[in-house]
Amino acid sequence: MQRLTTNQLSFRCFFFLCLGLTLFSALWADPAHGAADNITKRLANLESRWGHLQLAGEFSLLADYKQRAFEEYHTPDFKNYLNLYLDAQIDRNFYFYLLLSHYDNYGYLNQLYVREAAVRYRSPQLLVDLGKFHFTLDPLGLIADHSASPVQGFAIQTGNTAYYLGGFYSRLFLNPASIDEEKIGVTSDDQFGLRIAVPKPGYMLGMTLVTTPEGDLSETAIGLDFITNVADGALQTEVAWYKPGADSFQSYKHDGAIGGLAVWNKNIAATTYTVNAWYFEKGFAPVASALNDSFLEKGEIYANNSYGIGGGVQQKLANNWDTTVKAGLLFSPDQTFSGPQFTFSGRLRKAFSLATNLEFGFDSGFEADVNKIDLHRYHRVFVGFNTIF
Numbered sequence: 010m011q012r013l014t015t016n017q018l019s020f021r022c023f024f025f026l027c028l029g030l031t032l033f034s035a036l037w038a039d040p041a042h043g044a045a046d047n048i049t050k051r052l053a054n055l056e057s058r059w060g061h062l063q064l065a066g067e068f069s070l071l072a073d074y075k076q077r078a079f080e081e082y083h084t085p086d087f088k089n090y091l092n093l094y095l096d097a098q099i100d101r102n103f104y105f106y107l108l109l110s111h112y113d114n115y116g117y118l119n120q121l122y123v124r125e126a127a128v129r130y131r132s133p134q135l136l137v138d139l140g141k142f143h144f145t146l147d148p149l150g151l152i153a154d155h156s157a158s159p160v161q162g163f164a165i166q167t168g169n170t171a172y173y174l175g176g177f178y179s180r181l182f183l184n185p186a187s188i189d190e191e192k193i194g195v196t197s198d199d200q201f202g203l204r205i206a207v208p209k210p211g212y213m214l215g216m217t218l219v220t221t222p223e224g225d226l227s228e229t230a231i232g233l234d235f236i237t238n239v240a241d242g243a244l245q246t247e248v249a250w251y252k253p254g255a256d257s258f259q260s261y262k263h264d265g266a267i268g269g270l271a272v273w274n275k276n277i278a279a280t281t282y283t284v285n286a287w288y289f290e291k292g293f294a295p296v297a298s299a300l301n302d303s304f305l306e307k308g309e310i311y312a313n314n315s316y317g318i319g320g321g322v323q324q325k326l327a328n329n330w331d332t333t334v335k336a337g338l339l340f341s342p343d344q345t346f347s348g349p350q351f352t353f354s355g356r357l358r359k360a361f362s363l364a365t366n367l368e369f370g371f372d373s374g375f376e377a378d379v380n381k382i383d384l385h386r387y388h389r390v391f392v393g394f395n396t397i398f
């Protein structure tokens, strides 16, 4: 057996001593030291990108009391709405935008959800949005309005001074249907929209096509719109034809219905004057339409399955007060009422700053039943506090 020399023994003792010290220092080291380094790096990365981020929001407190045909209220509603916006410029052409919404109906419903989450590509001739986002293709939103129910897909827009071309795809509904014990078939209701418009110095003429080929939400709609100046005011008009699909959930089946809306606005000093005229034939009920979100919160004076005329005045008052009054006559001969019906919406606001105001309102109008045919009068009085930050 080979004997170890004195030098070899000294080297091995020194080696094990160093190894022991290393293990001892590792066992007794601060476990938070590595985590702190990671947090520091993350904060440094965030600070380096801080100039690319924009954060903003809206907050509203609302108390309202309603009389509706669908619900019998014995107590007012107390609600708050919170919207948080986050925009980030990824690079020269790409942007990301997020809308996080919180809705709280005190004592009843409290929910937090992502309302928008999309990426935008912008170049001199092209604008593309991909994800979930609010988007309205036709100017007055009779057939292609996704301001309340966001597009879930993509939208493409292009154009110049001679033309505009835009379109979108949106997944409306995903339906897993059982076929047999071993396989599940999945179908979807997919909506497609296309618009072409010709802008001219004194007017703009456009056409919009919307189709959902199959499913419970299947439909086809075509709209023509015209925007011009009349009597020193802006006139917007849209006439649309709508037909539900063979599998549509709409109970009233027909071969096509016409809808039309005209809005004229004129500003004179601190006052804005508005004139409205509408005609919505029985059965005109596009899935993505401003008609679906025109009552209660908006206080519109028109409704499905009706025709009529009305107007409004918005005026700035002293001490940062302003008022908006809208009124009209609504006709719908096949309802429980036969004569003209008066519709009204009024708002009174006090602005404490550019970002904060207090609002009072009263509405008396009509809302459509689920079938979009039967109309019911509602009354609503509310007070709300709104601020942006």
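For what it's worth, this note's numbering labels the leading residue of the sequence shown as 10, then goes sequentially. Virtual Cβ for every residue (Gly too), placed ideally from N, Cα, C.
query                                                                                                                                                       : result
Apply the 10 Å Cβ neighbour rule to residue 280 and answer buried if 16 or more other Cβ atoms are within range, or exposed otherwise.                      : exposed
Straight-line CA distance for residue 298 to residue 152?                                                                                                   : 5 Å
For residue 123 versus residue 103, is the C-beta distance shorter than 8 Å?                                                                                : no
Within the continuous beta strand (DSSP E) that includes residue 138, where are the two ends?                                                               : 135–145
Just to confirm the assignment, what range does the beta strand (DSSP E) spanning residue 377 have?                                                         : 365–377
Keeping to the same chain, check which residues put their C-beta closer than 6 Å to that of residue 387; ignore five residues upstream and five downstream. : 77 and 376
Mind pulling the beta strand (DSSP E) runs of 3 or more residues that sit fully within the stretch 139–202?                                                 : 154–168 and 173–187
Check whether the stretch 215–227 and the stretch 141–149 are in contact - that is, three or more C-beta pairs closer than 8 Å.                             : yes
Hey, how far is the Cα of residue 352 from the Cα of residue 384?                                                                                           : 13 Å
I'd like the list of long-range same chain contacts for residue 42, defined as Cβ closer than 8 Å, with 5 residues on each side in sequence excluded.       : Below a pLDDT of 50, predicted positions are generally treated as unreliable, and residue 42, at 49, falls in that range; the measurement from the model is reported next regardless. Within the same chain, residue 42 has no close Cβ partners at all.
Are at least three pairs of beta-carbons, each pair with one atom in the stretch 252–259 and one in the stretch 276–291, less than 8 Å apart?               : no
By Cβ distance, which residues of its chain are closer than 6 Å to residue 357, with the 5 residues on each side in sequence left out?                      : 332 and 369
Give me the Cβ distance between residue 167 and residue 135, rounded to the nearest whole Å; I'm assuming they're in contact under 8 Å.                     : 5 Å
With a threshold of 16 other CB atoms inside 10 Å of the CB of residue 398, please say whether the residue is buried or exposed.                            : exposed
Buried or exposed: residue 307, going by 16 or more other Cβ atoms within 10 Å of its Cβ?                                                                   : exposed
Determine which residues share a DSSP beta bridge with residue 253 and list them.                                                                           : 228
Which same chain residues end up closer than 7 Å to residue 393 when comparing Cβ atoms and leaving out the 5 residues on each side of it in sequence?      : 69, 70, 71 and 368
Is the beta carbon of residue 206 sitting closer than 8 Å to the one on residue 231?                                                                        : no
CB-CB under 6 Å to residue 330, same chain, minus the five flanking residues each way: which ones, in chain order?                                          : 359
Using the C-alpha atoms, what's the distance from residue 354 back to residue 336?                                                                          : 6 Å
By the 10 Å Cβ neighbour count, where 16 or more other Cβ atoms means buried, how is residue 40 classified, buried or exposed?                              : Residue placement at residue 40 is poorly supported in this model, since its pLDDT is 44, which falls under 50; the coordinates are not used for a value here.
Comparing C-alpha positions only, which one of 79, 86, 100 and 92 sits nearest to residue 61?                                                               : 100
Taking 8 Å as the threshold (C-beta atoms), are residue 285 and residue 236 in contact?                                                                     : no
Identify the residues that DSSP records as bridge partners of residue 383: which are they?                                                                  : DSSP output for residue 383 lists no bridge partner at all.
Inspect the beta-carbon positions of residue 312 and residue 291 and report whether they are closer than 8 Å.                                               : no
Nearest-angstrom Cα distance between residue 125 and residue 92?                                                                                            : 10 Å
Taking just the CA atoms, how far does residue 195 sit from residue 378?                                                                                    : 30 Å
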